[in-house]
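A.B. asks: In terms of my numbering, the sequence shown opens at residue 531 and continues consecutively. All C-beta atoms, glycine included, are put in the ideal place defined by N, C-alpha and C. Quick one: the structure is below, questions incoming.
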Amino acid sequence: MLYSVLRHKCPRCHEGNLFIHKNPYSGWKVFEMPKECEHCGQRFQLEPGFYYGAMYVSYGLGVAWFVAMLVAFTVLYPDFSIHVFIITTVVSMVALTPVLFRLARAIWIHLFVKYEKDWQQNVDPKA
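Next up, the structure:
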């Protein structure tokens with residue numbers, strides 16, 4: 531599961547891509563997702579507004595990043611300036627926003643769609 535989350539692969543087959551463009555820094559194209567997996571046909575939009583919950587995951591990732599930055603500054607620069615810390619953290623968060631956006635969506639869909647080793651046997655030929 532960790533492999534497919536980090537590689538942004540389909541949660542059902544671990545083969546198809548969750549995002550149309552692999553580069554998270556491709557402008558507004560960062561938001562584009564296919565309607566379904568090109569390998570197994572798993573729908574990525576399970577219901578209207580499905581990815582609103584990914585905002586909570588993104589918030590958690592942001593808090594984890596903030597804590598990691600605080601620990602790193604405390605260990606590496608014990609006498610750090612709070613201004614330098616805030617500027618560094620804000621700039622890094624802005625730079626990581628597209629990456630965290632995609633990661634949050636990947637984590638969110640993996641919570642609801644489980645991996646099926648034999649997904650080929652469960653494909654509806656009429657669909």
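Please name the residue or residues paired with Tyr573 in a DSSP beta bridge.
C.D. replies: In the sequence under discussion, the amino acid at residue 573 is Arg, which differs from the Tyr named in the question. Answer is Glu566, bridged to Arg573.
A.B. asks: Grab me the residues of His569's own chain with a C-beta within less than 6 Å of its C-beta, minus the 5 sequence neighbours each way, in chain order.
C.D. replies: Cys543, Glu545 and Gly546.
A.B. asks: Are there 16 or more other CB atoms within 10 angstroms of the CB of Pro578, so buried, or fewer, so exposed?
C.D. replies: Result: exposed.
A.B. asks: Going by the DSSP bridge assignment, what does Asn547 pair with across the sheet?
C.D. replies: The partner list for Asn547 (beta bridge, DSSP) reads Lys539.
A.B. asks: Does DSSP classify Val620 as helix, strand or coil?
C.D. replies: Looking at Val620 - three-state DSSP - the assignment turns out to be helix.
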